[in-house]
Amino acid sequence: MSENGQETKIIELPVSITVRDLAQTLDASPIEVIKTLMANGMMANINQEIDFDTAAIVSAEMGYEALPIHEEVEEQEEAEVPLWRKKLEEEDEGQLVNRPPVVAILGHVDHGKTSLLDAIRQTSVQAGEAGGITQHIGAYQIVHEGKTITFLDTPGHAAFTAMRARGAQGADIVVLVVAADDGVMPQTEEAIAHARAAQVSMIVALNKIDKDNAAPDRVKQQLADIGIVPDDWEGDTIIVPVSAVEKIGLDDLIEAILLVADDLDILANPEGDVFGTVIEAELTKGRGVMATLLVQNGTLKVGDTVLAGTSCGRIKAMFDYTGAKIKEAGPSVPVSVMGLSDVPKAGELFSVVANEKVAREIIGQRVIAAERAEVATDSVANLEQLFARVQAGEEEELRLIIKADVQGSLEPIVTSVQDLKSGGEQDIGVKVIHAGTGNISNDDIMLASATKSIIIGFNVGSDSAAKRLADTEGISIRKYKIIYHLIEDIEKALKGMLEPVEKKILIGRAQVLAVFPSGKYDQVAGCRVETGEIRRNAKIRVLREGKIAFEGGIASLKRHKDDVNEVREGFECGIGLKGFSSFEEGDILESYVIEMVSEF
Ligand code: GDP
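Quick note: the sequence shown uses our numbering, first residue 15, plus one each step.
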């Protein structure tokens with residue numbers, strides 16, 4: 015309570031914070047914060063770091079009491095833990111019951127993932143199940159000695175490995191398939207990195223042991239070398255020799271899964287909030303969007319309104335993995351549902367909301383938040399952010415994924431960058447999350463996104479799909495041809511001395527309240543500035559239902575009848591754009607400027 019009896023809101027702030035982040039914390043516009051700073055004799059721009067004491071003064075003037083942050087949580091870890099796990103923590107503990115384990119099968123291409131999934135499915139087909147014919151919905155269930163296991167079975171095609179990895183987000187246990195004749199390969203290591211990032215337990219299926227050239231011990235040694243130590247070597251990873259083709263060891267594998275599952279607390283509240291993970295989804299010809307959802311809590315019912323990312327809809331029909339129509343599905347049950355408006359992304363969290371209106375509202379907010387985040391920071395893994403986090407004591411390493419053309423160049427790069435340190439007070443070092451040979455692929459981008467890493471390519475290109483994914487995920491890729499330049503840049507990056515690059519900075523946002531004709535063909539938008547300001551010489555992007563409808567310059571900016579250079583928050587104005595006039599009521603116009611920032 016403050017002296018006048020009014021309640022002061024308490025916020026926690028780090029040792030230093032950018033003006034933009036402070037504004038967000040205070041639920042104010044950056045302009046308001048800048049004005050308050052100016053009133054206190056300090057000139058600052060939106061990206062400037064201000065110290066705790068200064069931030070506390072600004073906060074006090076805006077009705078908040080600022081306390082220094084005292085959090086021990088590792089933000090990096092938090093970012094990687096799948097959302098559904100966090101949501102589960104909100105459930106009433108007393109109502110949690112065991113649910114079947116969900117298993118994802120990952121591994122290098124051609125090591126036998128598909129064969130193994132097929133073999134498990136065939137051996138476990140239950141008597142009475144129509145000739146064992148199952149629909150492919152990206153997941154299935156088996157029952158072994160009365161215990162159910164859910165297997166995620168997303169397409170094994172190379173192009174789908176990213177999807178598979180995303181699906182693994184919903185898993186409790188990962189079975190890593192390693193071919194006994196081929197050993198640990200690049201995607202084996204990627205799969206391990208994904209499993210670690212999602213914090214799921216891992217079992218190794220040492221496949222193809224029927225082959226003459228199978229060398230189980232050599233593979234075990236390779237695994238041990240990268241930290242996966244077999245249990246019969248006093249480690250803690252169960253390794254089961256199997257042959258998907260000869261159907262050897264399948265029961266052992268299933269028993270190993272159940273054993274590991276018993277050790278984990280695999281729980282859910284069937285009566286609780288309904289949520290889970292999108293396993294796969296596609297637009298079909300006759301049925302519209304079909305999405306396979308893995309229920310992880312609550313009970314999903316036909317008629318429920320589902321929200322997944324920016325897609326939503328009422329479930330019109332629901333099918334299980336055998337293709338049978340069902341009315342409801344409890345925890346760990348995979349279902350294929352009909353009724354979503356758009357194709358949601360694999361790996362995305364879904365939840366049930368009250369109705370479509372609520373869903374649409376949430377989607378609107380999500381889209382705008384995502385847009386803003388994108389404008390504010392072009393990359394989730396960029397140096398500016400990293401430094402803000404380092405200064406706030408939240409981060410102490412620069413995470414890299416390194417791809418090179420040949421093993422011979424990879425090794426010296428990895429050894430040299432690992433030794434780099436920023437020096438100074440917050441001594442940040444480099445952590446190599448993954449190093450491998452070959453082009454930068456979708457999997458690398460997925461891994462970078464999951465671990466907030468920057469991708470370094472040495473004498474390699476990136477697949478075109480990977481480039482697009484990097485753009486949408488906001489991942490930085492830097493390519494080099496000379497090792498010395500690469501090392502030098504990382505050194506500079508660690509010290510915050512990289513050459514600045516262009517970046518879009520959001521300065522304000524207005525909503526279109528009405529559309530007026532202007533001249534014979536043109537139209538102008540009557541707007542109200544909701545946050546920040548609209549500047550005559552800044553750029554505008556038009557957002558409609560969350561999507562960018564246009565991006566470009568301003569042709570006219572008027573207050574009443576006068577031309578003006580800027581319009582502040584809270585005021586109304588007329589905006590005409592160069593090359594766009596098909597405004598609609600409710601459109602959002604965002605004003606942004608291009609600034610030079612040092613970003614990795
Ligand atoms: P995926 O790319 O990991 O899904 O691998 P697939 O399941 O498609 O298998 C790749 C190839 O390895 C196929 O030709 C399979 O027949 C073969 N294969 C899979 N498992 C075994 C096995 O246990 N023994 C032998 N000999 N071949 C196998």
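C-beta atoms are modelled at their ideal positions from N, C-alpha and C, and glycine is treated no differently.
Can you list, in chain order, the residues of its chain whose CB lies under 7 Å from that of residue i, leaving out five sequence neighbours each side?
i    : result
V259 : S129 and D224
K161 : L272
S595 : D536 and Q537
H171 : With a pLDDT of only 43 at H171, under 50, the local geometry of the prediction cannot be trusted, and no value is derived from it.
P345 : R113, A282, P284, V309, Q310 and N311
Taking DSSP as the reference, what is the three-state secondary structure of residue i?
i    : result
M585 : Looking at the sequence itself, residue 585 is Phe, so the reference to Met does not match. DSSP places F585 in coil when its eight states are reduced to three.
N551 : coil
K619 : Look at the range of the chain in this structure, 15 to 614, and you will see that residue 619 is not part of it.
G327 : strand
E502 : helix
Q62  : coil
Q213 : coil
N456 : helix
H208 : helix
G378 : helix
L166 : strand
P358 : coil
K518 : strand
E370 : helix
T486 : helix
M57  : coil
V428 : helix
E105 : coil
E269 : helix
S467 : coil
T32  : strand
P44  : helix
P531 : strand
D277 : helix
E580 : strand
Looking at C-alpha atoms only, which residue of the options is the closest neighbour of residue i?
i    : options                   : result
I134 : N453, E269, E411 and D356 : E269
V274 : A569, I252 and V581       : I252
A205 : L237, D186 and H122       : H122
D167 : K261, A37 and H150        : H150
L363 : T465, A295 and I60        : A295
E370 : D334, S215, T545 and T324 : T324
R523 : A563, R573 and I602       : I602
K359 : A373, M304 and T336       : M304
A464 : E487, A479 and R555       : E487
Near residue i, what residues of its chain come up, given a Cβ to Cβ distance below 8 Å and the 5 sequence neighbours on each side ignored?
i    : result
K23  : G77, Y78 and E79
V366 : D287, V288, F289, G312, L314, D318, T319, V320 and L321
W247 : K234 and A238
L27  : L36, T39, F66, A69, A70, S73, A80, L81, P82 and I83
E547 : I45, I521, G522, E580, V581, R582, E583 and S605
Examine the ligand GDP and report whether any of its heavy atoms sits within less than 7 Å of the Cβ of residue i.
i    : result
H150 : no
H208 : no
N221 : yes
T451 : no
G121 : yes
G126 : yes
K445 : no
S257 : yes
D224 : yes
V191 : yes
E203 : no
E285 : no
S430 : no
S129 : yes
E260 : yes
Which same chain residues end up closer than 6 Å to residue i when comparing Cβ atoms and leaving out the 5 residues on each side of it in sequence?
i    : result
I470 : L414, I416 and R492
I31  : A69
E105 : N283 and G286
G249 : V243
A343 : V309, L314 and V349
E562 : For clarity, residue 562 is Ile in the given sequence; the question names Glu instead. Answer for I562: R555, listed in chain order.
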